[in-house]
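Data block below; observations after.
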Amino acid sequence: MIRRRLPLATSGGYWMLYILPALAIYTVFMAYPLLDSVRLSFFGTTGNQPGTNQNNFVGFDNFIRLFTDSNYSSQYWGAFFHTWYFFFINMAVQNTLGLYFATILMNKGLRGASAYRTIIFIPATLAVLVTGYLWKLILNPQWGAVNIILEHIGLSQFAFPWLGDSRFALTAVSLVSSWQWVGMPTMMFLAGLQNIPDDLLEAGQIVGATSWQQFWHIKLPMLRPVIGIVTVLTFVANFNAFDVVYAMEDANGAPLYATDLIGTLFYRLGIAGQAPVGIPNPGVGAAVATVTFIMLAAGVALVLRLTQSERSST
168 MIRRRLPLAT
178 SGGYWMLYIL
188 PALAIYTVFM
198 AYPLLDSVRL
208 SFFGTTGNQP
218 GTNQNNFVGF
228 DNFIRLFTDS
238 NYSSQYWGAF
248 FHTWYFFFIN
258 MAVQNTLGLY
268 FATILMNKGL
278 RGASAYRTII
288 FIPATLAVLV
298 TGYLWKLILN
308 PQWGAVNIIL
318 EHIGLSQFAF
328 PWLGDSRFAL
338 TAVSLVSSWQ
348 WVGMPTMMFL
358 AGLQNIPDDL
368 LEAGQIVGAT
378 SWQQFWHIKL
388 PMLRPVIGIV
398 TVLTFVANFN
408 AFDVVYAMED
418 ANGAPLYATD
428 LIGTLFYRLG
438 IAGQAPVGIP
448 NPGVGAAVAT
458 VTFIMLAAGV
468 ALVLRLTQSE
478 RSST
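For the sequence shown, my numbering begins at 168 and goes up steadily by one.
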């Protein structure tokens with residue numbers, strides 16, 4: 168019997184044919200817009216009037232204006248710190264609950280585990296605009312379900328205008344985002360827990376380790392690579408967040424810019440235009456995007472570096 172050798176991935180450069188479609192799509196829709204945004208950050212107006220002759224090369228003038236011009240700097244730093252707060256809430260609530268849910272779902276005696284997995288993951292399949300609008304109705308201060316329940320159980324003093332008070336608006340938006348996306352880290356942590364060898368857990372039981380000791384000394388160290396990936400995904404997603412604020416508040420980060428994130432600020436500066444003039448400044452908007460990209464690249468590299476070192480040490 169004569170075997171014919173097929174010129175697939177093992178011969179020549181034919182393997183490149185398989186990645187060309189994906190590479191072309193990535194280049195057109197991801198790489199090129201990113202590089203063009205960096206290029207655009209070095210162009211703009213020579214004066215302070217946005218929208219007039221954006222083809223002038225101004226060097227780092229857009230970056231200097233972003234951090235020194237009072238029209239931009241105060242809003243940028245406000246959005247910057249709000250985004251970090253948004254990220255930390257998601258890390259503390261979304262990912263902690265995801266790890267907790269995954270640990271519960273690993274319980275072999277749990278009945279209906281598949282149904283629970285579906286219930287936890289369903290919100291992640293919904294459009295952000297839909298969930299944002301629904302939660303906006305639920306948090307309505309007059310007839311929203313949250314305040315009605317608080318009043319019925321005797322906690323009317325906690326029935327706040329959640330989205331209308333600058334003290335609570337960003338926290339409320341962050342918790343809604345955590346609720347919607349908790350299914351993603353849950354599934355990732357669940358996959359990581361399933362990959363832990365049973366021999367390690369049995370060895371822990373033999374030496375008399377409690378469930379908490381097994382989790383802290385065996386499961387959690389083995390999950391560090393997964394924790395790194397979850398952290399990276401949360402970091403990137405939160406620093407690009409826009410739709411949840413747009414759905415629950417508006418693009419201005421109401422009330423009083425209390426929910427303004429880097430994503431909404433970029434939208435106002437580079438695309439829609441900022442009140443009261445309403446004329447966009449693509450150069451400054453591109454500067455915001457470029458600074459965010461540099462920050463994300465540095466943060467992702469740091470997390471992956473720490474994750475790799477932890478992986479090598481384990």
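Cβ coordinates follow ideal geometry from the N, Cα and C atoms, glycine included. Values in this document were obtained by computation on a predicted structure and should not be read as measured data.
So does the segment 406-417 actually touch the segment 425-434, counting three or more Cβ pairs closer than 8 Å? yes
What does F224 pair with, by DSSP beta-bridge criteria? F210
Report the option in L190, Y185, I231, Y181 whose CA atom is closest to the CA atom of A453. The shortest C-alpha separation from A453 is found at I231.
Would you mind reading off the limits of the alpha helix (DSSP H) that contains F248? 237-256
Evaluate K386 with the Cβ neighbour count: other Cβ atoms within 10 Å of its Cβ, from every protein chain shown; 16 or more gives buried, anything less gives exposed. With 16 or more Cβ atoms within 10 Å of its Cβ, K386 is classed as buried.
Cα separation between A439 and P447? 6 Å
Whole angstroms is fine: what's the gap from L330's alpha carbon to T457's? 30 Å
Three-state secondary structure assigned by DSSP to N426: Sequence check: residue 426 is Thr here, not Asn. DSSP places T426 in coil when its eight states are reduced to three.
Less than 8 Å separating the beta-carbons of V517 and T398? The requested residue 517 does not occur in the structure, where the chain is confined to residues 168 to 481.
With a cut-off of 8 Å on the beta carbons, I'd call F460 and F254 a contact; round off their distance for me. Their Cβ separation, rounded to whole angstroms, is 16 Å, which puts F460 and F254 out of contact at 8 Å.
Would you kindly report the start and end of the unbroken alpha helix (DSSP H) that includes R284? 280-288
6 Å CB neighbourhood of F335 in its chain, flanking five on each side removed: F327, W329
Using a Cβ-based criterion (distance less than 7 Å to any ligand heavy atom), does I363 qualify as near the ligand PLP? This structure lacks the ligand PLP; in fact it carries no ligand of any kind.
Take the Cβ of Q441 as the centre, count every other Cβ of all protein chains shown within 10 Å, and call the residue buried at 16 or more, exposed below. buried
Element boundaries [alpha helix (DSSP H), containing T298]: 295-305 is the span of the alpha helix (DSSP H), which, as asked, contains T298.
Which word fits S333, buried or exposed, when buried means at least 16 other C-beta atoms lie within 10 angstroms of its C-beta? exposed
What are the boundary residues of the alpha helix (DSSP H) that W350 is part of? For the sequence presented, residue 350 should be read as Gly rather than Trp. G350: member of the alpha helix (DSSP H) spanning 350-361, first to last residue.
Whole-angstrom distance between Y185 and W346, CA atom to CA atom: 38 Å
Would you kindly report the start and end of the unbroken alpha helix (DSSP H) that includes V313? 312-319
Between M487 and V195, what straight-line distance do the alpha-carbon atoms span, to the nearest angstrom? Residue 487 is absent from the structure shown; the chain starts at 168 and stops at 481.
Using three-state DSSP, classify M273 as helix, strand or coil. coil
Measure from the C-beta of M354 to each C-beta in chain B and report whether the shortest distance is under 8 Å. Among the chains of the structure shown, chain B does not appear; only one protein chain is present.
Three or more C-beta pairs closer than 8 Å, one from the segment 337-346 and one from the segment 239-257: is that the case here? Touching, per the Cβ criterion.
Return the CA-CA distance between H319 and T285, expressed in angstroms with no decimal places. 31 Å
Taking the C-alpha atoms as reference points, what is the distance between F402 and I396? A direct Cα-to-Cα measurement between F402 and I396 gives close to 10 Å.
Can you tell me the Cα-Cα spacing of F325 and A421, whole angstroms? 21 Å
Nearest neighbour of F210, chosen from P449, L187, D236 [CA to CA]: The shortest C-alpha separation from F210 is found at P449.
Do you know how far the Cα of S208 is from the Cα of V225? 9 Å
In the DSSP assignment, find the unbroken alpha helix (DSSP H) run with I396 in it and report its ends. From DSSP, the alpha helix (DSSP H) with I396 extends over 391-406.
Keeping to the same chain, check which residues put their C-beta closer than 7 Å to that of Y283; ignore five residues upstream and five downstream. L272
Let's test the definition: count the other Cβ atoms within 10 Å of the Cβ of A465 and tell me whether it reaches 16, buried, or not, exposed. exposed
Can you give the Cα-Cα distance for F288 and V295, rounded to whole angstroms? 14 Å
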